[in-house]
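Undergrad: I'd like to ask some things about the structure below.
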Amino acid sequence: MLQFQMCSPEFHSCWVSSAELNSLPSSQVDGLRGGVSFFFSSLLFLSLLPLPVFTFRFGRTFSISIPSVRMSPSPRFFTEREVARHCTKDSCWVLLGTRVYDVTAFLRMHPGGEALILRRSGKDISREIEGPPHRHSENARRWMEQYYIGELDKTSGSDEAQTLRERRRQTAEQTEGKTTGSQAVEEEEEEEEDSPYNLCSPVDLETDLVDWRKPLAWQVGHLGEKYDAWVHQPVDRPIRLFGNPFLEASTKTSWYWVPVVWLPIVFYLSWSCYMTLAQGTTRIVFTSDFSVLVHKYTFLLLFMMGWFLWSFMEYCIHRFVFHMKPPAHNYYLITLHFLLHGQHHKSPFDGSRLVFPPGLASLMVGSFYAILQYAFPEIIGKCLFVGGLCGYVVYDMIHYYLHYGSPKRGSYMYGLKAYHVKHHFEHQRAGFGITTTFWDHPFNTVIPDEKF
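Here it is in structure tokens:
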């Protein structure tokens, strides 16, 4: 007796027990074996097809796997009325041709602010993606596909199109506050010319170069010459670096821990340095016969010099350490690069890794302090250090804001955010300044000016 059992929609099993075979007459067993042989021949042919798997088992002695035919799901179709309903911060959809995308999760990440996307809710953004003035990168186009949810039903009537326009006007009025609906629509037409809209590429768990279901830290070193291209194709998904929970937790931190840990040290050292200088006994000795008194108000100048020194260090570390290109044959340097900065470029919107964990940052801070104490008189080095430490805190906070903030259009932070987004998605070998673009100019790494 031959039994066939379906275990799941994807896996099927066929069983013939040894006892049942022994109980059958030899003629029936020979016939059954002949039928099974023909069955196997058919299955062997099907097994060459690259499809999902069926599994067939016979007794305890053997089993084979063959593919099953699995139809890909048909895309879901939406009417214009359905698309028009999703025009708020809680649910925002846009169109690219007839393709519908749910970009709700991307609103707070958008370089131009969420209001620019909300004004385009339910609207075709093909012109903004293609340019001019700004043609979006291949990384942006790949990333956008992760938000795809279906197709627009072109048969929806003109009355629904009218509803869509009305909803768009209402959204414009809500996002602008005091601005009237007609003014908001006019501004929308103007801003269509210069809105950045950057998105990430989806991850195919079956074809990607690494196994995303396992920690990545020990995998990336094996990518070799493929590592550089892979790490600069950003994705919007969290990264697990280590299997050990303690190690994994040590690589993550919330943004507020940076000021909580470091600002009290900044305030204490600032007060200590100022009070030491206020005693009027601090002098810089040039020779045994010549020295200069350091006035207490010199503290502010030294503090700003330390901040300026940090901005230079910020640029150098970002360019020459974080963006070094590790040798393709060196497993350890590739792994080190990924842990230091590569993981941030691979997953730029992983909020738990946008600032340095205080424990790891203390190594850099301690080295900075030791160098300044060695190079300058004690109090001078300490004044420079506290200014640099304050600059570091500001750097980490600005970096987080550039990824998750929504600066006002036309502001300094708006331009800085657009500049940093271009660094992530289009110009990974330029634009190394975070808090300022100042150092990019003398080192000729300025990202080409492009209207957004």
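For the sequence shown, position 346 (counting from the first letter as 1) is numbered 346 according to full-length UniProt numbering, and the numbering increases by one without interruption. A virtual CB, placed ideally from N, CA and C, is assigned to each residue, including glycine.
Can at least three beta-carbon pairs, one atom from the region 259-270 and one from the region 228-243, be found at a separation below 8 Å?
TA: As far as the Cβ criterion goes, the region 259-270 does not touch the region 228-243, which means the pair count is below three.
Undergrad: Relative to the C-alpha of residue 294, which residue among 428, 308, 335, 278 is closest?
TA: When only C-alpha atoms are compared, the closest one is 278.
Undergrad: Looking only at its chain, what residues have a beta carbon closer than 7 Å to the beta carbon of residue 383, apart from the 5 residues adjacent to it on each side?
TA: Contacts found: 273, 299, 302, 303, 306.
Undergrad: How should residue 395 be labelled, buried or exposed, when 16 other C-beta atoms within 10 angstroms of its C-beta is the threshold for buried?
TA: So residue 395 counts as buried.
Undergrad: With a threshold of 8 Å on Cβ separation, who are the neighbours of residue 438 within its own chain once the five nearest residues in sequence on each side are excluded?
TA: So the qualifying residues of the chain are 311.
Undergrad: Can you give the beta carbon distance from residue 239 to residue 209, rounded, assuming they're within the 8 Å contact cut?
TA: With a Cβ gap of about 14 Å, residue 239 and residue 209 do not count as contacting.
Undergrad: For the putative contact between residue 99 and residue 148, defined by C-beta atoms under 8 Å, what is the C-beta separation to the nearest angstrom?
TA: Their Cβ separation, rounded to whole angstroms, is 6 Å, which keeps residue 99 and residue 148 in contact under 8 Å.
Undergrad: Reducing DSSP to helix, strand and coil, say where residue 159 ends up.
TA: Because residue 159 carries a pLDDT of 49, less than 50, the predicted location of this residue cannot be relied on, and no value is offered for it.
Undergrad: From the DSSP output, in three-state form, read off residue 308 for me.
TA: Of the three classes helix, strand and coil, the one that applies to residue 308 here is helix, per DSSP.
Undergrad: Let's see if you can read the secondary structure: which residues bound the beta strand (DSSP E) around residue 429?
TA: That residue, residue 429, is in no beta strand (DSSP E); it is neither H nor E in DSSP.
Undergrad: Which residues share a DSSP beta bridge with residue 124?
TA: DSSP output for residue 124 lists 95 as bridge partner(s).
Undergrad: Helix, strand or coil for residue 445 per DSSP?
TA: In the structure shown, residue 445 sits in coil (DSSP, three-state: anything other than H, G, I, E or B).
Undergrad: What residue from 146, 385, 104, 93 has the CA that sits closest to residue 122's CA?
TA: Looking at the Cα atoms, 93 is the closest of the given residues.
Undergrad: Helix, strand or coil: which one does DSSP assign to residue 100?
TA: Strand at residue 100.
Undergrad: Would you mind reading off the limits of the alpha helix (DSSP H) that contains residue 360?
TA: From DSSP, the alpha helix (DSSP H) with residue 360 extends over 358-375.
Undergrad: Expressed to the nearest angstrom, what Euclidean distance is found between the alpha-carbon atoms of residue 455 and residue 308?
TA: The structure shown has nothing for residue 455, since the chain only spans 1 to 452.
Undergrad: Helix, strand or coil: how does DSSP classify residue 254 here?
TA: Here residue 254 sits in coil by DSSP.
Undergrad: When the Cβ atoms of the region 217-227 are set against those of the region 358-373, are three or more pairs found closer than 8 Å?
TA: The answer is no - the region 358-373 does not touch the region 217-227, with fewer than three Cβ pairs under 8 Å.
Undergrad: Would DSSP call residue 322 helix, strand or coil?
TA: Helix at residue 322.
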